[in-house]
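Line order of the protein sequences matches chains A and B.
Oh and the first sequence: position 91 is 91 in this note's numbering, straight run, nothing missing.
If you want this note's numbering, it's the 1-based position in the second sequence plus 176.
Don't be surprised by glycine CBs; every beta carbon is placed ideally from N, CA and C.
Note that the coordinates shown come from a computational prediction; the quantities given were computed from them, not determined experimentally.
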Amino acid sequence: MNPVATPFFFYVLAAVMIIGGILVITRKNAVHSALALITTLLAQAAIYLMLYAPFVAGVQIILYAGGIMVLFLFVIMLINMERNLKERQFNKQWLVGGVAALALGGLFISVYLKTTKGVMLFPEGRMTYGESQNTQAVAALLFDRTSGTYMFAFEIASLLLLVAIIGAVVMAKKRI
Amino acid sequence: MHDSLMHTSVMTWMMNGPLNNFVEYVESYLKSNQTPGAAGNIFWAAVYILVVFGGLSVVVIAMNWLERKILAHMQVRLGPMRVGPHGLLQPIADAIKLLLKEDIMPAEADALVFWAAPLIVVLAAFTVFVVVPFGPTHAITDMNIGILFMLGVSSLSVLGVVMAGWASNSHYPLIGALRSSAQMVSYEVAMGLAVVSVILMTSLNATGVGTLSMIGIVQAQQAQGTWFIFKFFPLGLIGFFIFAVSMVAETNRAPFDLPEAESELTAGFHTEYSGFRWSLFFLAEYSAMIAVSSIAVTLWLGGWLRPFPNLLNGSTWDLAFGLIPGLTFLFFAAICFFNTARMPKHPLFRVQTIGLAGFGVVLAVIGLVMFIPGVRDRVGDIFWFSAKVAGFMYLYIWYRGTFPRYRFDQLMKVGWKILLPMGIGLLILTATAGILEEPIKEWLHRL
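Structure, rendered in structure tokens:
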């Protein structure tokens with residue numbers, strides 16, 4: 001089968017992500033912003049899929065698009081929209097914002113110029129794992145006794161989440 | 177496994193002698209042992225997509241009639257009787273009514289979101305069928321992340337429901353959408369834990385490597401010689417129970433149909449929808465029911481495997497079970513003929529009588545075709561899968577006829593305080609059982 005990870009798909013998905021990201025910050029209506037964010041996250045899942053990481057793409061859809069964003073929408077729907085629509089959207093920080101954006105853009109461009117000399121940027125010919133072993137490969141990276149390098153980081157992240165859950169329960173509940 | 181003929185592109189057979197090669201092409205398909213997606217064959221994948229989409233629509237129409245009939249008989253009524261014999265044409269009449277109805281959009285609605293919501297719900301409900309394994313080769317494609325794909329895409333339908341409720345800009349839909357998002361997110365957690373316990377079962381055995389692929393899960397059950405509902409008794413059964421409860425809540429069906437509780441919220445999130453858009457919600461609800469039922473069948477009830485593969489094995493039993501699909505269709509045909517004979521002998525009923533007899537003839541022909549050995553081997557797995565899913569569809573109707581609706585706090589309590597702890601405990605116990613299985617067997621062997 002021909003690889004699907006062609007530059008064309010990358011540019012289409014990247015364009016969807018960028019347009020979605022711009023819509024998130026420019027829409028006055030918070031629900032529209034949230035929907036634009038969902039579009040961005042789904043395009044990101046598609047990019048993971050393009051990079052031959054179907055497991056990460058699936059988890060992205062379940063957690064972000066299906067779980068977290070639904071909770072976002074849940075909260076937004078309870079906000080009084082009438083007042084929200086009249087508020088001014090941006091603070092006058094365009095100078096600081098512009099400098100920060102330029103610095104970040106410069107960083108990206110310099111990394112791009114430095115690392116891609118004579119190297120193909122798109123993973124067209126660089127399939128690391130076959131589609132059929134991707135999930136197993138992720139598990140091996142995390143949990144394998146010999147090759148598992150990210151076990152500690154993974155467990156630390158889960159501890160962080162646990163602390164956050166306990167914090168949320170303590171804050172939400174008046175009497176424990 | 178590699179079937180070279182499956183790879184022949186449509187272009188090649190177009191070029192040298194279309195008819196002859198077409199027959200060869202179809203034959204190559206019949207002999208292939210891959211799904212069209214795995215073989216990378218766009219032509220057969222398109223055919224499969226059309227067949228699944230069309231079949232699903234027909235099943236939804238049939239479900240509409242069956243639900244009204246079965247509920248009516250449970251409540252000692254007759255149900256639809258006027259349009260066609262025994263109301264058989266009622267769903268078609270309803271569909272025509274829905275398509276011709278004026279499509280109303282509230283003046284204060286958010287037009288774009290209101291327009292997109294039913295589309296998202298329908299897309300999410302239909303896309304999951306890409307990985308549903310009707311048989312070892314009868315799936316549009318097999319993904320390595322099959323079950324994750326199904327859960328992820330079906331969870332996107334919540335977005336459509338929330339969007340519909342919010343965009344209607346009205347009180348009842350908004351409350352319906354709030355209820356629905358809370359309910360679907362809560363029950364997804366318990367559902368996920370039950371699914372993970374099954375994924376553990378696929379790996380905890382010397383015969384198999386763990387897998388998330390839908391076809392792989394059924395093949396693991398085949399290799400281990402047991403359906404996962406009976407594995408580590410009663411752990412598999414508990415997992416199935418958790419899933420069976422949360423799948424009803426996920427699809428917003430009675431007794432968990434609070435998002436569209438008609439006595440409190442008119443129709444919940446789709447109160448403001450009418451005509452064609454409403455029918456899209458209807459279509460999505462029923463195809464989502466079929467989708468979660470097929471997850472349950474694949475994970476716990478052995479997918480396309482026939483019942484009693486161990487107890488009643490051997491070629492005689494294989495043949496006997498192979499005849500059941502054809503016999504089922506002949507049985508339905510016999511019912512049709514019986515009722516044709518019972519139709520009132522009045523000139524006004526002539527068209528209906530002929531129609532019913534014709535329907536019976538069609539069913540009988542399908543039944544007879546299913547006795548041809550080649551066809552019999554090919555459709556057996558589709559039949560068993562569909563029969564199991566049909567059992568779940570009947571359960572859905574039965575629930576609706578039996579249980580009163582829960583209160584919302586009761587619903588949340590069941591989800592978070594009963595099913596979730598059960599799911600976590602189940603996960604731990606399954607993992608323990610899987611690790612201890614081999615040592616205990618060895619120990620028993622030494623005794």
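Please return the same chain residues whose Cβ sits closer than 7 Å to the Cβ of residue i, not counting the five positions on each side in sequence.
i	result
A420(B)	A472
A248(B)	L254 and G255
L413(B)	I405
G599(B)	A366, L369, A370 and I418
V647(B)	Since the first residue shown for chain B is 177 and the last is 623, residue 647(B) is missing from the structure and cannot be characterised.
G125(A)	Note on G125(A): pLDDT 49, under 50, position unreliable in the model; the coordinate value appears next. Cβ neighbours of G125(A) beyond the five flanking positions: none.
F408(B)	T606 and A609
With DSSP collapsed to three states, give me the class of residue i.
i	result
R244(B)	helix
R576(B)	helix
D433(B)	coil
R482(B)	coil
N515(B)	helix
H314(B)	coil
G125(A)	Low local confidence applies: a pLDDT of 49 at G125(A) is under 50, so the model's placement there is unreliable, with the coordinate-based value given in what follows. Reduced to three states, the DSSP call for G125(A) is coil.
Y282(B)	As written in the sequence, residue 282(B) is Pro, which differs from the Tyr given in the question. Coil.
Q93(A)	coil
Y624(B)	Residue 624(B) lies beyond the range of chain B shown here (177 to 623); nothing can be said about it.
W493(B)	helix
A172(A)	helix
N320(B)	coil
M546(B)	coil
E461(B)	helix
E200(B)	helix
L477(B)	coil
F134(A)	The residue asked about is misnamed: residue 134(A) is Asn in this sequence, not Phe. The answer is helix: DSSP assigns N134(A) an H, G or I state.
W189(B)	Residue placement at W189(B) is flagged as unreliable, the pLDDT there being 49, under the threshold of 50; a coordinate-derived value is accordingly withheld.
K273(B)	helix
T608(B)	helix
V259(B)	coil
L161(A)	helix
S208(B)	coil
L388(B)	coil
Are the CB atoms of residue j and residue i within a distance shorter than 7 Å?
i	j	result
I38(A)	M77(A)	no
F561(B)	F310(B)	yes
G386(B)	T378(B)	yes
G304(B)	A467(B)	Strictly speaking, residue 304(B) in this sequence is Val, with Gly absent from that position. Their beta carbons are under 7 Å apart, which means V304(B) touches A467(B) by this criterion.
F547(B)	G502(B)	yes
L539(B)	A517(B)	no
I285(B)	A340(B)	It is worth fixing the name first, because residue 285(B) is Ala in this sequence and not Ile. Result no, Cβ atoms of A285(B) and A340(B) do not sit closer than 7 Å.
L295(B)	T606(B)	no
G543(B)	L506(B)	yes
S373(B)	G401(B)	no
S333(B)	A300(B)	yes
G66(A)	S331(B)	yes
I356(B)	F457(B)	Residue identity differs from the one stated: residue 356(B) is Ser in this sequence, not Ile. No; because the gap between Cβ atoms is not below 7 Å, this pair is not in contact.
L441(B)	Y582(B)	no
L532(B)	P267(B)	no
G591(B)	Y363(B)	yes
Go through its chain and collect everything with a Cβ distance to residue i's Cβ below 8 Å, but skip five positions before and after it.
i	result
I500(B)	F559
A221(B)	P212, G213, I316 and T317
D270(B)	N240
G231(B)	none
N515(B)	P261, H262 and L532
Enumerate in chain order the residues of its own chain whose CB-to-CB distance from residue i is below 6 Å, with the five nearest sequence positions on each side excluded.
i	result
L495(B)	none
F55(A)	N134, T135 and V138
A57(A)	A45, Y48 and L49
G149(B)	Since the first residue shown for chain B is 177 and the last is 623, residue 149(B) is missing from the structure and cannot be characterised.
Less than 6 Å separating the Cβ of residue i from some heavy atom of the ligand FAD?
i	result
V24(A)	Absence of the ligand FAD from the depicted structure is noted, as is the absence of any ligand whatsoever, leaving it without description.
Since residue i and residue j should fall inside the 8 Å C-beta cutoff, what is the C-beta to C-beta distance between them, to a whole number of angstroms?
i	j	result
L595(B)	I418(B)	5 Å
F74(A)	L354(B)	7 Å
A43(A)	L23(A)	12 Å between Cβ atoms; not a contact.
V565(B)	S470(B)	5 Å
G322(B)	L376(B)	G322(B) to L376(B), Cβ: 16 Å. No contact.
I61(A)	V329(B)	7 Å
Y575(B)	A437(B)	Between A437(B) and Y575(B) the Cβ distance is about 15 Å, and since that is not below 8 Å, they are no contact.
T313(B)	N209(B)	6 Å
Using a cut-off of 7 Å between C-beta atoms, extract the partners of residue i located in chain D.
i	result
I62(A)	The structure shown contains no chain D; its protein chains are A and B.
Which runs of the alpha helix (DSSP H), 4 residues or longer, sit entirely within the segment 333-370 of chain B? List check, alpha helix (DSSP H) in window: 333-343.
Pick out the complete alpha helix (DSSP H) segments inside the segment 20-85 of chain A, 4 residues or longer, and give them in chain order. Annotation: the segment 20-85 of chain A contains the following complete segments of the alpha helix (DSSP H) (minimum length 4 residues), in chain order: 30-50, 54-60 and 69-77.
At 4 residues or longer, and completely inside the segment 398-431 of chain B: list those alpha helix (DSSP H) runs for me, N to C. The qualifying runs are 411-426.
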